[in-house]
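So that you can map any letter, position 28 of the sequence shown is 29 in the numbering used here, and since no number is skipped, the others follow by simple counting.
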Amino acid sequence: MFLALFYLFFYKTNQVVVDAAAMEKMQDYDILLAQGQSAHSKVVKLFNGSNDDYSHIGILIREEDKVYVLHATPDGSDSNGIRYDELQMFMDLSDVCSYTILRPQHLTDELREKLGAEISWFKAHAAPFDYDFNNHENGKLYCSELVWLVFKNAGLMDSVSFDLEKPIYPGEFLEMAGTF
2 MFLALFYLFF YKTNQVVVDA AAMEKMQDYD ILLAQGQSAH SKVVKLFNGS NDDYSHIGIL
62 IREEDKVYVL HATPDGSDSN GIRYDELQMF MDLSDVCSYT ILRPQHLTDE LREKLGAEIS
122 WFKAHAAPFD YDFNNHENGK LYCSELVWLV FKNAGLMDSV SFDLEKPIYP GEFLEMAGTF
């Protein structure tokens, strides 16, 4: 048991460095699922109950020649867990060793406008990190809850997309790929 816990918390693989070619393929409102190696990431994986290894999630936004990620993390300040970081900073925060991109399908100009408005609102909104992982109270937010709220408020997901009585894990978004 000790050896398994030691392996879980101390074994690391190479961290991802995102190159220009990969960034060129990324689009506004893509969902980034990350497999992290930080202590927080490993705790999320430990409690995740499923076989996926994703421990963090965010939404990609392109500005000028850079890619940014809107996400929620305990690495923010006490009063605000919502962060808007350059892509490599996001990767570094969770010591990401692997990632997957989900691309929402059939985004009309109207839906893009709604997503942009939601992202702008959350960028300007302060909310502490939600250590309780409570999906019914949105004064505090965790990463998957933030992504779900942005897409729900823009009309791309609904309240039945997930079982809101338990935490939404990043990998659950994989099950919805192609449906939003």
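Backbone N, C-alpha and C define an ideal beta-carbon position, used for all residues, glycine too.
The structure displayed is predicted, hence computed values, not measured ones.
Near residue i, what residues of its chain come up, given a Cβ to Cβ distance below 8 Å and the 5 sequence neighbours on each side ignored?
i	result
P75	H41, G82, F130, Y132
Y8	Confidence is the limiting factor: at Y8 the pLDDT is only 48, short of 50, which leaves the residue's position unreliable, though a coordinate-based value still follows. Contacts found: none.
D86	Y69, V70, H72, L94
A118	A155
K124	L71, I83, Y85
Please return the same chain residues whose Cβ sits closer than 6 Å to the Cβ of residue i, not counting the five positions on each side in sequence.
i	result
F152	M158
L116	Y30, A155
Who are the Cβ neighbours of residue i in its own chain at under 7 Å, not counting the five residues just before and after it?
i	result
N136	E146, L165, I169
Just reading off the alpha helix (DSSP H) that residue i is part of, what are its end residues?
i	result
I62	Where I62 is concerned, there is no enclosing alpha helix (DSSP H), although the beta strand (DSSP E) it sits in stretches over 57–64.
D22	The sequence given here places Ala at residue 22; Asp does not occur at that position. From DSSP, the alpha helix (DSSP H) with A22 extends over 21–26.
L112	110–125
D93	88–94
Starting from residue i, trace the beta strand (DSSP E) in both directions and tell me its first and last residue.
i	result
K67	67–73
Judging by CA-CA distance, which residue of the options is the nearest neighbour of residue i?
i	options	result
L33	G59, N15, K26	G59
L108	A35, E25, G156	G156
K141	P105, A128, L150	A128
R104	Q38, F123, K26	K26
Q106	A178, M24, E114	A178
So, under 8 Å CB-CB, residue i and residue j are touching, yes? Tell me the CB distance rounded to an integer number of Å.
i	j	result
D20	Q36	In fact, because the Cβ distance is near 18 Å, the residues do not count as touching under 8 Å.
Q16	M92	7 Å
Does residue i have its Cβ less than 8 Å from a Cβ in chain B?
i	result
I58	The chain inventory of the structure shown lacks chain B, comprising one protein chain alone.
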